[in-house]
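Peer 1: Have a look at this one before I ask anything.
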Amino acid sequence: MKNQVSEKKPDLKGFSLLLLDDYPLPPGIFEDTLRFFGVRVAHAAGTEEAVHVLAREHIHVIVASLRLVDERCIEMIREHKARYPDTLFYLLTEQDYDRVETSLESVNQVVDDYLQKPLDALRFARMIETALGRPRSGSTSLSVVEPLVATVKPYFLFRSSAMRGALASLPGIAASGQTVLISGETGTGKELVARSIHVLSPRSAGPFIPINCGAIPESLIEGELFGHEKGAFTGAHRTRKGKFETAHNGTLFLDEIGDMPLTLQVRLLRVLEEKKVYRVGGESPIPVNVRVIAATRIDLAKAVSDGLFREDLYYRLNVLRIHLPPLRERIEDIPLLAVHFLDRVFAEMGRIPPYPMLSSETIYLLERYPWRGNVRELRNVMTRVATLLPPGAKQVFPQQVLPSLEEMKPLSPALPPPEGSFITIPLGTSLDKVEERLISETLKQTNGNRSRAAKLLGISLRTLRRKLNRKK
Numbered sequence: 000m001k002n003q004v005s006e007k008k009p010d011l012k013g014f015s016l017l018l019l020d021d022y023p024l025p026p027g028i029f030e031d032t033l034r035f036f037g038v039r040v041a042h043a044a045g046t047e048e049a050v051h052v053l054a055r056e057h058i059h060v061i062v063a064s065l066r067l068v069d070e071r072c073i074e075m076i077r078e079h080k081a082r083y084p085d086t087l088f089y090l091l092t093e094q095d096y097d098r099v100e101t102s103l104e105s106v107n108q109v110v111d112d113y114l115q116k117p118l119d120a121l122r123f124a125r126m127i128e129t130a131l132g133r134p135r136s137g138s139t140s141l142s143v144v145e146p147l148v149a150t151v152k153p154y155f156l157f158r159s160s161a162m163r164g165a166l167a168s169l170p171g172i173a174a175s176g177q178t179v180l181i182s183g184e185t186g187t188g189k190e191l192v193a194r195s196i197h198v199l200s201p202r203s204a205g206p207f208i209p210i211n212c213g214a215i216p217e218s219l220i221e222g223e224l225f226g227h228e229k230g231a232f233t234g235a236h237r238t239r240k241g242k243f244e245t246a247h248n249g250t251l252f253l254d255e256i257g258d259m260p261l262t263l264q265v266r267l268l269r270v271l272e273e274k275k276v277y278r279v280g281g282e283s284p285i286p287v288n289v290r291v292i293a294a295t296r297i298d299l300a301k302a303v304s305d306g307l308f309r310e311d312l313y314y315r316l317n318v319l320r321i322h323l324p325p326l327r328e329r330i331e332d333i334p335l336l337a338v339h340f341l342d343r344v345f346a347e348m349g350r351i352p353p354y355p356m357l358s359s360e361t362i363y364l365l366e367r368y369p370w371r372g373n374v375r376e377l378r379n380v381m382t383r384v385a386t387l388l389p390p391g392a393k394q395v396f397p398q399q400v401l402p403s404l405e406e407m408k409p410l411s412p413a414l415p416p417p418e419g420s421f422i423t424i425p426l427g428t429s430l431d432k433v434e435e436r437l438i439s440e441t442l443k444q445t446n447g448n449r450s451r452a453a454k455l456l457g458i459s460l461r462t463l464r465r466k467l468n469r470k471k
């Protein structure tokens, strides 16, 4: 069954919109769609004409071309907002967000968001419907916390069905004493799941001991896990407990278990079955009461078939299983997490609430990115954005986020060149000259738009800038 909520048309009856632009939007389609949703649409080709429109009627939404914005226009907007505080003001640009520049510092004090041509009428209508206080039926507030979310806080915040399905059995898993295997890409929060299992378990009063099996040299990991006796090897000047002993009556978290050497996997299997450890150089078994939670970013079943992981250990670890979906499969969670991380950094910086909010277009931008580093990457990006945001900012706009995303793969695959476009390069031309010519011709094709040129060339915007600077 299709989602009836998402199909419900926006209700904007009684609202009015002023388009301040000397170049018309796509003829008819955009305006006709808005009128279908109940919006009254007015036009102005310049600031003076807009002043007359605003003087004779109450305009709820103003969309102005960035090219036409000057101090007189900003003063007009400020005066209109003083009379009608709920007025929304959007700036419309034909450029990619990373090229949006304005010399007017006052702009960001009055603008509600930046929009990019061509405008999608339905998405724009949804955006202003929410901003004007008419959220559509069935929408979920960022503040809504489901019982399952409340159970796993402060470790997890989510609203997506993907995460709800992944963590639905977490309380039951925590209550048991069984071994758990957590799988998922890097940055999805596997250690957070392990910690929440520990906190919700009968072992919560005991220690939680994490160890990354892939971060410790093979020659040292045995001693880290099982400890060693004094004199067991050169440099062993005293007896040292391993992680298993340290985690006694608690939980041992073995992160990246797939990176554990095969020779050590045999000893780990023995400990799991006998619940006893032998220190390196020791002869007496030491009983341990430890719950083991393992995590992996790789497919352990495939590692078993490839002979890289022991089959018996795999089945011993894979008693209870939790798989965490990547962030790109839980898009509903991105705004929730972004706001959470942003507010947390503002609080740590001592910034006084209310904190700057993410604009609608910024959220839309974040939702479209693939987030290969998952939640960890989103957290790092929001940390950079909050740190570099100007003190007086009230909102976070797309151009303030994009610099932190430049190293990522472009949002869309390389754009196909226009049909019939080609360049001729004589044999014997050096590679440097070929590259220089290719970049130059591509920029001509995109009318100087560096972002689109980078997409055509299959490189990042930063790489393109570096190559252009090298030519100077």
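Just so you know, we're using the numbering used here here: the sequence shown kicks off at 0 and counts up by one. All C-beta atoms in this analysis are idealised placements derived from N, C-alpha and C, irrespective of residue type, glycine included.
1. Thinking Leu16 and Val50 are a contact (beta carbons under 8 Å), I'd like their distance in whole angstroms, please.
2. Per the DSSP calculation, His294 is bridged to which residue(s)?
3. Can you tell me the Cα-Cα spacing of Asp305 and Thr295, whole angstroms?
4. What separation, rounded to the nearest whole angstrom, lies between the Cα atoms of Leu316 and Leu404?
5. Any heavy atom of the ligand ATP inside 7 Å of the beta-carbon of His59?
6. Alpha carbon to alpha carbon, what distance is there between His247 and Asn288?
7. Quick one: is Asp431 buried, meaning 16 or more other Cβ sit within 10 Å of its Cβ, or exposed?
8. Whole angstroms are fine: how far does the CA of Arg125 sit from the CA of Leu156?
9. Using DSSP with H/G/I as helix, E/B as strand and the rest coil, what is Leu323?
10. Let me know the secondary structure DSSP gives Pro353 once reduced to three states.
11. Give the secondary structure of Thr233 by DSSP, where H, G and I count as helix, E and B as strand, and everything else as coil.
12. From Asp119 to Asp111, what does the alpha carbon distance come to, in whole angstroms?
13. Measuring straight from C-alpha to C-alpha, what distance separates His57 and Gly13?
14. Near His197, which residues of its chain fall below 6 Å by C-beta distance, leaving aside the five closest residues on each side in sequence?
15. Alpha carbon to alpha carbon, how far is Pro9 from Leu121? Give it in angstroms, no decimals.
16. For the candidate residues Lys393, Ala385, Ser218, Ala214, whose alpha-carbon lies nearest to that of Pro402?
17. What distance in whole Å lies between the Cβ atoms of Leu114 and Tyr89, which are believed to be in contact at a cut-off of 8 Å?
18. Taking the alpha carbon of Leu19 as the point to measure from, which residue in Ile422, Glu331, Ile76 has its own alpha carbon closest?
19. Thr445 and Arg436: beta carbons closer than 8 Å?
20. For Val198, report the span of its alpha helix (DSSP H) as first-last.
21. Please confirm whether Pro324 and Met162 have their CB atoms less than 8 Å apart.
22. Is Pro397 buried or exposed, if buried means 16 or more other CB atoms sit within 10 Å of its CB?
23. Is it the case that the region 224-231 contacts the region 179-191, given that we only count it when at least three CB pairs across the two stretches are under 8 Å?
24. Write down the C-beta distance between Phe243 and Glu190 rounded to the nearest angstrom, noting that I regard them as a contact closer than 8 Å.
25. Can you tell me whether Val400 is buried or exposed? The criterion is at least 16 other CB atoms within 10 Å of its CB, across all chains shown.
26. Measure the CB-CB distance between Gly234 and Val374 and report whether it falls below 8 Å.
27. Mapping the DSSP letters down to three states, classify Ser168 as helix, strand or coil.
28. Which class does Ser64 belong to by DSSP, given the choice of helix, strand or coil?
29. Ignoring anything shorter than 4 residues, give me the alpha helix (DSSP H) runs that lie fully in the region 426-460, in order along the chain.
30. Is DSSP giving Ile478 helix, strand or coil here?
31. Taking 8 Å as the cut-off, does the region 198-217 touch the region 257-270 (at least 3 CB pairs, one atom from each stretch)?
32. Let me know if Thr423 comes out buried or exposed under the rule of 16 or more other beta-carbons within 10 Å of its beta-carbon.
33. Measuring CA to CA, which of Asn211, Asp258, Pro284 is closest to Lys240?
34. Quick one: Cα of Ala413 to Cα of Thr441, how far?
35. Please state whether DSSP places Tyr314 in a helix, a strand or coil.
36. Count the other C-beta atoms from every protein chain shown that fall within 10 angstroms of the C-beta of Tyr83, then say buried if there are 16 or more, exposed otherwise.
Peer 2: Working from what's here:
1. So it is not a contact: roughly 16 Å between Cβ atoms.
2. The question names His, but residue 294 in the sequence shown is Ala. BP columns for Ala294 point to Ile181.
3. 16 Å
4. 37 Å
5. This structure does not include the ligand ATP; it has no bound ligands of any sort.
6. 5 Å
7. exposed
8. 25 Å
9. coil
10. coil
11. coil
12. 17 Å
13. 11 Å
14. Phe207, Thr250
15. 8 Å
16. Ala385
17. 5 Å
18. Ile76
19. no
20. 189-199
21. yes
22. buried
23. no
24. That pair is no contact at about 18 Å.
25. buried
26. no
27. coil
28. strand
29. 430-444, 449-456
30. Outside the shown range of the chain (0 to 471) lies residue 478, about which nothing can therefore be said.
31. yes
32. exposed
33. Pro284
34. Since pLDDT at Ala413 reaches only 43, below the 50 mark, its modelled position is unreliable, and the value read off the structure follows with that caveat. If you take the alpha carbons of Ala413 and Thr441, they lie about 12 Å apart.
35. helix
36. exposed
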